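Residue numbers (our numbering): 1021 to 1177.
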């Protein structure tokens, strides 16, 4: 009989232990959920294109206008080199000035991707008759697809 009582006592201790562990884990879960709900919600940063479309990232000003002028002049020079290479003309205009002006210009943050693409085009175009026309045309098409307003800006007087 003593052995049976011991088994019952052991069973009772185990039940109490499991009940205590269950209550403690439930309490910890509730505490963690309340801590998480009190943390400030972190909203993801809006994409640069969304800021551009919203209009709050690009406000007209001297920095934006200066950069616009550099981009227009550079795109015109690069397009001239690409057209001359495509026409197999003997004289290829120099695009080194476009490369130098792009490197020297301060870049507004929203235009960094455009700027790196233009620098690549200008560097390749600056090689003159040693430029790879297929690579230039491919990168130009990708740039115009990514920035559909760029050809229209370059065509303006």
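Ideal placement from N, C-alpha and C gives every residue a C-beta, glycine not left out.
Nothing here was measured: the structure is a model prediction, and the numbers come from that model.
Per DSSP, the unbroken alpha helix (DSSP H) holding residue 1116 starts and ends at 1116-1124.
For residue 1142, the uninterrupted alpha helix (DSSP H) segment begins and ends at 1132-1145. Note on geometry: alpha-carbon atoms of residue 1126 and residue 1152 lie some 28 Å from one another.
Put simply, the region 1140-1160 touches the region 1097-1110. At least three CB pairs are less than 8 Å apart. Around the beta-carbon of residue 1106, fewer than 16 other beta-carbon atoms lie within 10 Å, marking it exposed. Going by DSSP, residue 1158 is part of the alpha helix (DSSP H) stretching over 1153-1166. Looking from the CA of residue 1160, the closest CA among 1138, 1148 and 1150 belongs to 1138.
The shortest CA-to-CA distance from residue 1124 to any of 1094, 1148 and 1149 is the one to 1094. No Cβ-Cβ contact shorter than 9 Å links residue 1119 with residue 1087.
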